[in-house]
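Peer 1: The structure follows.
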Amino acid sequence: MPEGMVRADEAQQKIDKECASLALYHFKTCPFCIKVRKEMSRLSLPIELRDAQLDSSIRADLLQGGGKIQTPCLRIADARGNVQWMYESDDIIKYLQQRFA
Ligand SMILES: N[C@@H](CCC(=O)N[C@@H](CS)C(=O)NCC(=O)O)C(=O)O
176 MPEGMVRADE AQQKIDKECA SLALYHFKTC PFCIKVRKEM SRLSLPIELR DAQLDSSIRA
236 DLLQGGGKIQ TPCLRIADAR GNVQWMYESD DIIKYLQQRF A
């Protein structure tokens with residue numbers, strides 16, 4: 176994994192808080208997921224990882240919320256509790272870069 180970017184403590188704490196409303200549904204060995212996880216590491220984003228391959232309840236959440244079993248999928252919740260399910264590794268990477276880079 177690439178070494179993550181270093182931010183001032185306060186800036187990183189703000190990012191950590193924002194990342195608490197995100198979760199990445201992934202398969203450990205999926206190359207598209209690896210690409211996204213690398214970018215998360217590069218940007219030092221502590222986003223919760225949910226293994227949709229091995230954990231059947233996480234798999235069920237993904238199917239019910241996102242509509243299909245495909246990873247990676249980023250679950251994005253906003254302050255009002257609205258939830259967006261973002262598929263496609265390139266779209267997820269673009270989103271993370273635009274929001275956090
Ligand atoms: N174009 C998608 C491809 C994602 C993809 O094909 N993921 C595979 C895993 S590597 C998948 O979820 N397959 C469905 C399955 O295995 O049930 C992306 O870039 O995210």
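Quick note: to get this note's numbering, add 175 to the position in the sequence shown (first position is 1). Don't be surprised by glycine CBs; every beta carbon is placed ideally from N, CA and C.
Does ligand 1 have a heavy atom nearer than 7 Å to the CB of Pro247?
Peer 2: Checking the Cβ of Pro247 against ligand 1 gives yes.
Peer 1: Run through the region 178-214 for me and flag every whole beta strand (DSSP E) of 3 or more residues, listed as ranges in chain order.
Peer 2: You should have 197-201.
Peer 1: Just to confirm, are Met240 and Arg250 a CB contact at a threshold of 8 Å?
Peer 2: Inspection of the sequence shows that residue 240 is occupied by Gly rather than by Met. Yes, Cβ-Cβ distance for Gly240 and Arg250 is below 8 Å.
Peer 1: Specify, as a first and last residue, the run of the beta strand (DSSP E) that Arg225 falls within.
Peer 2: 223-226 is the extent of the beta strand (DSSP E) around Arg225.
Peer 1: Determine the DSSP secondary structure at Ile251, reduced to helix, strand or coil.
Peer 2: In this structure, Ile251 counts as strand in the three-state DSSP scheme.
Peer 1: Going by other Cβ atoms of all chains shown within 10 Å of its Cβ, with 16 needed for buried, is Met180 buried or exposed?
Peer 2: With fewer than 16 other Cβ atoms within 10 Å, it is exposed.
Peer 1: Could you check what DSSP says for Gln259 in three-state terms: helix, strand or coil?
Peer 2: Here Gln259 sits in strand by DSSP.
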